[in-house]
Amino acid sequence: MLSRYSEPHSPPSAAPAPLLGGPTFALRHRMMRLVWSAAWLVLAAWTPSFMWRWRGLVLRAFGAEIHPTAIVRGSARIWWPAHLSMGAHSSLGPGAICYNVAPVSLADFAIVSQRAHLCTGTHDINHPDFPLKSRSISVGRHGWIAAEAFVGPGVTVGEGAVLGARGVAFRDLDGWTVYAGNPARAVNTRRSISSTAA
Numbered sequence: 000m001l002s003r004y005s006e007p008h009s010p011p012s013a014a015p016a017p018l019l020g021g022p023t024f025a026l027r028h029r030m031m032r033l034v035w036s037a038a039w040l041v042l043a044a045w046t047p048s049f050m051w052r053w054r055g056l057v058l059r060a061f062g063a064e065i066h067p068t069a070i071v072r073g074s075a076r077i078w079w080p081a082h083l084s085m086g087a088h089s090s091l092g093p094g095a096i097c098y099n100v101a102p103v104s105l106a107d108f109a110i111v112s113q114r115a116h117l118c119t120g121t122h123d124i125n126h127p128d129f130p131l132k133s134r135s136i137s138v139g140r141h142g143w144i145a146a147e148a149f150v151g152p153g154v155t156v157g158e159g160a161v162l163g164a165r166g167v168a169f170r171d172l173d174g175w176t177v178y179a180g181n182p183a184r185a186v187n188t189r190r191s192i193s194s195t196a197a
């Protein structure tokens, strides 16, 4: 099993910058990601919807913190499982992309719908080497990232907040507020929901 605290380390300083064709991540981490990608392809990507408990086991074996009731679809793409935590009854929908160079956290009942994209990585556009920068993303309890929406690095989605279909969020989303558009703007409020996690 891979450690929960295995981090993507930068390559040695002697290596050429990624902008010049050098690697963004150390060889060890690239190899671990290769093993992870192969394992997901062989063990989970093809599995039918009802095998979500099995997919959770595979993710936990590679360091993810997945509640037993959390659901990850086989077609979801998770860059690094040790940077993923999911609370009770949370879900990553079909085709969802979780580019979690930095940690991604889904609280209880948080939903990431089909083909939504959680992206923790960007680049320093003011640095000549264009280095990768990463910031974590968290989706609060009852938060909903609707179909094909995009959440950028460092965004906190408040409890009960909704990012509408194909919305784009680069700033924090307030709780119990509905957002839409690019960039996402508040368009409505949402009634607070009370529920109990199993």
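For the sequence shown, position 194 (counting from the first letter as 1) is numbered 193 according to numbering that gives the first Met the number 0, and the numbering increases by one without interruption.
Where a beta carbon is used, it is the ideal one built from N, C-alpha and C, also for glycine.
Quiz item: Cα-Cα, which of 170, 163, 193 and 169 is closest to residue 186?
Solution: By one-based count along the sequence shown, residue 186 stands at place 187. Of the candidates 170, 163, 193 and 169, the one whose C-alpha sits nearest the C-alpha of residue 186 is 163.
Practice problem: Please classify residue 88: does DSSP put it in a helix, a strand, or coil? | Solution: Taking the first residue of the sequence shown as 1, we reach residue 88 at position 89. Coil.
Exercise. May I ask you to report which of helix, strand or coil DSSP gives residue 55?
Key: Here residue 55 is taken as the residue at index 56 of the sequence shown, counted from 1. Three-state result, residue 55: helix.
Quiz item: Who does residue 143 pair with in a DSSP beta bridge?
Solution: Numbered from 1 along the sequence shown, position 144 holds the residue referred to as residue 143. DSSP output for residue 143 lists 110 and 161 as bridge partner(s).
Practice problem: For residue 193, count neighbouring Cβ atoms within 10 angstroms of its own Cβ and tell me buried if that reaches 16, exposed if not. | Solution: On the sequence shown, residue 193 is found 194 positions in, with the first residue counted as 1. So residue 193 ends up on the exposed side.
Quiz item: Alpha carbon to alpha carbon, how far is residue 149 from residue 118?
Solution: For the purposes of this step, residue 149 is identified with residue 150 of the sequence shown, where counting begins at 1. For the purposes of this step, residue 118 is identified with residue 119 of the sequence shown, where counting begins at 1. Each residue's alpha carbon lies about 7 Å from the other.
Self-check item: residue 27: first and last residue of the uninterrupted alpha helix (DSSP H) it sits in
Solution: The residue you call residue 27 lines up with position 28 of the sequence shown. Counting along the chain, the alpha helix (DSSP H) containing residue 27 begins and ends at 26-42.
Self-check item: Delimiting residues of the beta strand (DSSP E) encompassing residue 187
Solution: In the sequence shown, the residue the question calls residue 187 occupies position 188. Note, residue 187: beta strand (DSSP E), 184-188.
Quiz item: Do residue 140 and residue 109 have their C-beta atoms closer together than 8 Å?
Solution: Indexing the sequence shown from 1 puts residue 140 at position 141. Indexing the sequence shown from 1 puts residue 109 at position 110. A contact, by the Cβ cut-off of 8 Å.
Quiz item: What did DSSP end up calling residue 81 once you bin it into helix, strand or coil?
Solution: In the sequence shown, counting from the first residue as 1, residue 81 sits at position 82. Three-state result, residue 81: helix.
Practice problem: Could you work out which residue in 86, 145, 190 and 64 is closest to residue 183 when comparing CA atoms only? | Solution: Mapped onto the sequence shown, residue 183 falls at position 184. Taking only the C-alpha atoms, the option nearest residue 183 is 145.
Practice problem: Look at the alpha carbon of residue 53 and the alpha carbon of residue 60, and state the distance between them as a whole number of angstroms. | Solution: Counting from 1 along the sequence shown, the entry for residue 53 is found at position 54. Counting from 1 along the sequence shown, the entry for residue 60 is found at position 61. If I take the Cα positions, the gap works out to 11 Å.
Exercise. Determine the direct distance from the alpha carbon of residue 68 to that of residue 45, and round the result to whole angstroms.
Key: Taking the first residue of the sequence shown as position 1, residue 45 is located at position 46. Taking the first residue of the sequence shown as position 1, residue 68 is located at position 69. Spanning the two alpha carbons is a distance of roughly 20 Å.
Quiz item: With DSSP run on the structure shown, which of helix, strand or coil describes residue 169?
Solution: Within the sequence shown, the letter at position 170 stands for residue 169. It is coil, neither helix nor strand.
Self-check item: Bridge partners - residue 122, DSSP secondary structure assignment
Solution: By 1-based counting over the sequence shown, the position of residue 122 is 123. The partner list for residue 122 (beta bridge, DSSP) reads 131.
Quiz item: Nearest chain D C-beta to residue 52 closer than 8 Å, yes or no?
Solution: Absent here is chain D; the protein component of the structure consists of one chain.
Quiz prompt | Pairwise C-alpha distance: residue 151 and residue 124 | solution = As a working mapping, residue 124 is identified with position 125 in the sequence shown. As a working mapping, residue 151 is identified with position 152 in the sequence shown. Whole-angstrom Cα-Cα distance: 16 Å.
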